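Per the working numbering, the very first residue in the sequence shown carries number -19; after that it's consecutive.
For every residue, glycine included, the Cβ atom is placed at its ideal position computed from N, Cα and C.
Please read these numbers as outputs of a predicted model, since none were measured by experiment.
Heads up, the thing below is written out as structure tokens.
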Amino acid sequence: MISINNLQDMETFGHCLTRYLSAGDIILLNGDLGAGKTTLSQFIGKALGVKRNINSPTFNIIKSYNGKNLKFHHMDCYRLEESEEDLGFDEYFEDNAVTVIEWSQFISSYLPSNNLTVNIQTTNNDDRTITIEASGTHYARIKEAVERDLSSN
Ligand SMILES: Nc1ncnc2c1ncn2[C@@H]1O[C@H](COP(=O)(O)OP(=O)(O)OP(=O)(O)O)[C@@H](O)[C@H]1O
Ligand SMILES: [Mg+2]
């Protein structure tokens, strides 16, 4: 478990996680409305070296940016709840990019089985609790590294 007390802590988490990411990595962000999924995505994009403003992709579903070494694909699948439409996700996932997905449960059938899930829970005001789940050895190593760097217990 990782305790977040404010936006600065969330930025630190985003930077720490990003240090361990490489091409093809897929990060699923879980959490209620307003938990901070888009906020964390913005910090990950910033850590990847994206210079453009990163806005919520709720309307467009997928937005892509150039980072320093890797591209950044930011998805919000909230609007696919009814349809589960395949927007060509494989091409994004196989790209020289990091992909971060909000509301990934609505495209569950298109997700690779190996991924890193970041659960964000609002505790109160600016406090958040983060737990990480990894499937596959690659992501297990990332989880271990981030928890070693930041874990509060
Ligand atoms: N520690 C924190 N981490 C992240 N966001 C925080 C934190 N403290 C306060 N906030 C605020 O909470 C809000 C989180 O909104 P955000 O759009 O990131 O949520 P979301 O999970 O993407 O919601 P949605 O499900 O609507 O996409 C922002 O206004 C942000 O500034
Ligand atoms: Mg959002």
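Cross-strand partners of residue i (DSSP beta bridge)
i, result
"Q101", "T109"
"F135", "An answer regarding residue 135 cannot be provided, because it is not within the stretch -19 to 133 covered by the chain."
"A114", "L96"
Test item: CB-CB of residue i and residue j under 8 Å
i, j, result
"L28", "T(-2)", "yes"
"R108", "M(-10)", "yes"
"I6", "T111", "no"
"G25", "Y0", "no"
"L67", "I41", "yes"
"G14", "Q101", "no"
"H118", "N94", "yes"
"D70", "H53", "no"
Residue range of the beta strand (DSSP E) that includes residue i
i, result
"S(-17)", "I(-18) to I(-16)"
Span of the alpha helix (DSSP H), counted from its first residue to its last, around residue i
i, result
"L130", "T117 to L130"
"G(-6)", "L(-13) to R(-1)"
Distance, residue j Cα to residue i Cα
i, j, result
"K48", "F23", "14 Å"
"A125", "R32", "29 Å"
"S(-17)", "S131", "8 Å"
"G4", "S84", "16 Å"
"I34", "G16", "14 Å"
"M55", "I87", "11 Å"
"R59", "L91", "16 Å"
**Study point:** alpha helix (DSSP H) runs wholly inside the segment 55 to 89, at least 4 long, in chain order
**Key:** Runs of the alpha helix (DSSP H) lying entirely within the segment 55 to 89, each at least 4 residues long, are 69 to 73 in chain order.
Exercise for review: Could I get the ranges of all uninterrupted beta strand (DSSP E) runs contained in the segment 6 to 43, with 3 residues as the minimum, in chain order?
Suggested key: Listed in chain order, the complete beta strand (DSSP E) runs (minimum 3 residues) inside the segment 6 to 43 are 6 to 10.
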